[in-house]
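Sequences listed follow chains A and B, in order.
Once you know that position 395 of the first sequence is 395 in our numbering, the rest is easy, because the numbers rise by one and skip nothing.
Adding 1000 to a residue's 1-based position in the second sequence gives its number in our numbering.
Don't be surprised by glycine CBs; every beta carbon is placed ideally from N, CA and C.
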Amino acid sequence: MTEAGPELPFYRDTLGCVHCGLCLPACPTYQELGDETESPRGRILLSRALAEGRIADGARIASHFDRCLGCLACESACPSGVRYRHVLEGTRAELNQRAPERGVRARLRKLLLSQVVARPRRLRWAFAALGLAERTGLRRLAQRLGLIPQLTERLLPAVPPRQQRLPLVGAFPPPGVTRGRVALFTGCVMEQAFGEINRKTLALLQANGFHVDVVTDQGCCGALHLHDGQLELARRLAQRNVDAFRGADVIVTNSAGCGAALRDYGHLLGSAVAADFAGRCRDVCEFLAEQGLSATPAPFPHRVAYDDPCHLCHGQGVRTPPRALLRTVPGIQLVDHPSAETCCGSAGIYNLLQPELASAIGADKAGQLRATGAEVVITGNPGCIMQIRAHLSGTGMRVLHPVEVLLPESG
Amino acid sequence: MLPSMEALFGELTRRFGPKRCLTQPESLLAYECDGFTIHRQRPLAVVLPEDTEEVVAAVRLLHAHRVAFLPRGAGTGLSGGATPTEPLVILDTARMKRVLRVDPEERIATVQPGVVNLDLTRHVRAHGLHYAPDPSSQSVCTIGGNLAENSGGPHCFKYGMTTDHVLGAKVVLPDGTLVELGGPAGARPCGGLDLTGLFCGSEGTFGIATEITVRLSPDPESTVTLLASFRSMRDACGACSDIVAAGLVPAALEILDKATIGAIEASVYRAGYPADAAAVLLVELDGPAAATEADAEEVLMLCRSRDAIAIETAHSPEDRLRLWKGRKGAFGAMGRLSTDLYVLDGVVPRTRLIDTLETITAIGAKYRVTLTNVFHAGDGNLHPNIAYDGRDAEETQRVVAAGMEILRTCVAAGGSITGEHGIGSEKLDHVALMFTAEDLEVMERVRSVFNPDGRCNPGKVLPTRNSCAEVGRWPEMVARVLDPGGPSP
Chain A
1 MTEAGPELPF YRDTLGCVHC GLCLPACPTY QELGDETESP RGRILLSRAL AEGRIADGAR
61 IASHFDRCLG CLACESACPS GVRYRHVLEG TRAELNQRAP ERGVRARLRK LLLSQVVARP
121 RRLRWAFAAL GLAERTGLRR LAQRLGLIPQ LTERLLPAVP PRQQRLPLVG AFPPPGVTRG
181 RVALFTGCVM EQAFGEINRK TLALLQANGF HVDVVTDQGC CGALHLHDGQ LELARRLAQR
241 NVDAFRGADV IVTNSAGCGA ALRDYGHLLG SAVAADFAGR CRDVCEFLAE QGLSATPAPF
301 PHRVAYDDPC HLCHGQGVRT PPRALLRTVP GIQLVDHPSA ETCCGSAGIY NLLQPELASA
361 IGADKAGQLR ATGAEVVITG NPGCIMQIRA HLSGTGMRVL HPVEVLLPES G
Chain B
1001 MLPSMEALFG ELTRRFGPKR CLTQPESLLA YECDGFTIHR QRPLAVVLPE DTEEVVAAVR
1061 LLHAHRVAFL PRGAGTGLSG GATPTEPLVI LDTARMKRVL RVDPEERIAT VQPGVVNLDL
1121 TRHVRAHGLH YAPDPSSQSV CTIGGNLAEN SGGPHCFKYG MTTDHVLGAK VVLPDGTLVE
1181 LGGPAGARPC GGLDLTGLFC GSEGTFGIAT EITVRLSPDP ESTVTLLASF RSMRDACGAC
1241 SDIVAAGLVP AALEILDKAT IGAIEASVYR AGYPADAAAV LLVELDGPAA ATEADAEEVL
1301 MLCRSRDAIA IETAHSPEDR LRLWKGRKGA FGAMGRLSTD LYVLDGVVPR TRLIDTLETI
1361 TAIGAKYRVT LTNVFHAGDG NLHPNIAYDG RDAEETQRVV AAGMEILRTC VAAGGSITGE
1421 HGIGSEKLDH VALMFTAEDL EVMERVRSVF NPDGRCNPGK VLPTRNSCAE VGRWPEMVAR
1481 VLDPGGPSP
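As structure tokens, this is what we get:
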């Protein structure tokens, strides 16, 4: 055995696996491909072999980790309690260091993540430019010329109007008596592509009696960078958020992916301050279910299927609160959705990187959702909303974020 | 790589494409073992066929090139049945997961081998039917793997093992010949020699089943599950014996010890088992409602007379599911105790359970290993679990030695070396505890009818002719794990 093993931080996590295989039915890529190298158990074995120095050329196993959705359904199935997320993130970081991907596309992706997504001002400019391209017909032209692959184009949302993309900053008191004070995490892409959901989250918290602070120095949670193996950048982004929210008692998130990342800062940064920060994070539904709604939601007389974002159910263990809140909506009919905890194939930017597999998984999800007979799908993560919308387009089914149906009448 | 191997890989890749013919050595490490992790060796290649025709094509190519192979289901086996013992190609049936036919009137189904055990039950649930054998890994393991291993499960106490539920199979023999075993037409054997019975439990050494016809069982009218906790293992085993002696035939009778309960309760499979119990007895009763209620009363009484601390009775499907969830997740949950797990599988007469368990505990102490027990008490099928660190050569040797002594104890008590996990590569040394040279010779002759060249799952079930040489294999195979730089294809 080489000495490399124990030094790699994810090595210990791989040792928890006793190879029972109970994760296999939970894994979307194994279900799709039937290939052990595309299963959590197989990937853990490969990670361990990498750490033990049994694999000299890391590039030769990289594709198996690229193909992992990171949905964490395997963690929910694992009796041995393996923290697969740490195996995955650690292995990707190690591979990124040992055998960085070559090629224009990979470089462009890394550049986009590190130089645009990680920098709020540049991301805002990028969305402004994208909006301009859309208004001038440039985007359509690019699409027609085949510059944007069709699968990708279907997933990209229309750029929202400028006023929705303006950053929210400041202190927002509730209209009546204050029940408590929270800080809102506004995210990066969330702010630009789903500014309206951020505004509705804010309004919902206010309507339910909470004073909401939106602090200025916050930014991208770093999840996309971590998934891309850019460990150091992810750590810098995490530290920025830990510092920005130092004074907040409760940090409310409305994006499951961001929430799961924020709640793992203790592991990522390895400091007590970061662990304390992680302990103060709550998903908006989880927080409101804990506190109880004081404002009755507006009537929503529709058949609704709730679809669990992976990073909410598997990543944060939040399953009941969104459903409990939705049941309080007058007129709503929550229908049974047996595959609610299965990944939709969005998985961060997976659907852009692995369009073929993501598309197959997305189509499965759309089929299961159509079978429920629901008119509306509700899910609390921007990536999932985009992916499910793309795969349900033309069916007349709408896809909404939970906060959108929890707002009171006046909201 | 031998030149003939290159030619073979070329032909396999042409036939199956790169996504269904894996040859990259680094990736193939993912296939170096199944649920039994002491033996490891990566295959030369993995092929993923999708139907009978493709299996025939693959096997013919392998036969033509004189390359050995083994069939693999979900790789959940616990005796190394799906682990190579020499350079070979794995035929993985994971993509053969179609249910081909269900006849609810005749109560039979024909499935591809990669259909997951529990998926079959889900598939026929609407007809009020289920597939009875239910290994703990039933949410993952495949019907093909179950057939190869003659798998059991908690409910086999009342309903029998896999062999009692398989009616026939299409089988590709090691030379690529396609034959049909058994008579899928009805529930009775179709006459002639019972080759289906022979095939079942042959651990992938007779060929590959590509279509399997199984019996489906009607769901019982009512089911009651009881969980009784006891102050001592002796009381739990006593209650189990009393239940059987009273003439009751529960669907399942399972016992879990304190350490197992602790691991389960710390896992996502937590079931609310009482933490203060030295052992719990899980009893399931099914049948007509009036009968199960009466039986449940009697079980309650018998458990009380053995000083049960508490008894929980579950009637609703949710509560029953919860009580079973813990039991089914037990193996994996033991991973919390150490980095590796050796799940043993021995059988003793039910009346010898408690004495054997006490001996097993003593063996655990003697070899200084962490040993827990969870078992099918009704069948006397023990599963001592040994948690250990496989990176520690000395500890691993002690674990292997303790396992050997435990199985020796089972045989001495009038039992056997496997109840449901099979011999695989794990117990080649142990076979001699049960069978004489003459017994083994007959088995070898039967096998050579199906597998004359020995290229189908070599090194499994039966020790090679000069069986004494096998005794030396264990240290060698263990060494392979411990020395990553060691021989690999």
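Assigned exposure category for residue i - 16 Cβ within 10 Å defines buried
i	result
B:D1119	buried
B:T1037	buried
B:D1295	buried
A:G331	exposed
B:D1235	buried
B:L1100	exposed
B:P1288	exposed
B:S1316	exposed
A:L138	exposed
A:E36	buried
Chain-order list of residues whose beta-carbon lies under 7 Å from that of residue i (same chain, five-residue window excluded)
i	result
A:S47	F10, T14, V87 and T91
B:R1215	R1107, I1108, H1165, L1167 and A1187
B:E1284	T1223, T1225, P1250, A1251 and A1252
B:S1241	R1350 and T1351
B:V1140	A1074, T1076 and V1116
A:G209	P174, G176, V177, T178, R179 and S294
B:A1132	H1155, Y1159, H1165 and S1217
Residue i and residue j closer than 7 Å at C-beta
i	j	result
B:S1004	B:H1063	no
A:G131	A:V104	no
A:A260	A:D213	no
A:I55	B:E1026	yes
A:F287	A:V252	yes
A:T178	A:H227	no
B:L1129	B:P1218	yes
B:D1257	B:T1372	yes
A:A295	A:P408	yes
B:S1338	B:Y1388	yes
B:D1092	B:L1028	no
A:V117	A:C220	yes
B:Y1367	B:A1402	yes
A:R263	A:C285	no
B:I1354	B:E1405	no
Residue i in three-state terms, based on DSSP
i	result
A:N351	helix
B:F1069	strand
A:L357	helix
A:F210	strand
B:R1020	coil
B:D1307	coil
A:F300	coil
A:I61	coil
A:A118	coil
B:T1260	helix
A:A248	coil
B:T1313	strand
Other residues of its chain near residue i: CB distance less than 6 Å, five sequence neighbours each side excluded
i	result
A:S346	G383, C384 and Q387
A:N381	S255, A256, G257 and P309
A:Y452	Residue 452 of chain A is absent from the structure shown; chain A starts at 1 and stops at 411.
B:A1209	P1113, G1144, L1147, A1169 and V1171
Near the ligand ATP: residue i beta-carbon under 6 Å from a heavy atom
i	result
B:R1350	Annotation note on the ligand ATP: not contained in the displayed structure, which lists no ligands.
Residues near residue i by beta carbon distance below 8 Å, same chain, minus five either side
i	result
A:A62	L95, A99 and E101
A:R162	A128 and G131
CB contact below 7 Å: residue i versus chain C
i	result
B:A1169	Of the protein chains in the structure, A and B, none is chain C.
| query | Taking any Cβ of chain A, which residues in the stretch 1326-1345 of chain B have a Cβ under 8 Å from it, in chain order? | reply | G1329, A1330, F1331, G1332, A1333, M1334, G1335, R1336, T1339, D1340 and L1341
| Closer than 7 Å, Cβ to any Cβ of chain A: which residues of the stretch 1034-1055 of chain B, in chain order? | G1035, T1037 and L1048
| field | Residues in the stretch 1017-1028 of chain B having any Cβ partner in chain A nearer than 9 Å | value | K1019, R1020, L1022, Q1024, P1025, E1026, S1027 and L1028
| task | Compile a chain-ordered list of the residues in the stretch 1086-1108 of chain B whose CB is closer than 8 Å to at least one CB of chain A. | result | D1092, A1094, R1095 and K1097
| the stretch 47-62 of chain A: positions lying closer than 8 Å to chain B by Cβ | A49, E52, G53, R54, I55, D57, R60 and I61
| field | Within 7 Å of chain A by C-beta, residues of the stretch 1059-1085 of chain B in sequence order | value | A1074, G1075 and T1076
| Members of the stretch 1391-1413 of chain B that neighbour chain A once the beta carbon cut-off is set at 9 Å | R1391
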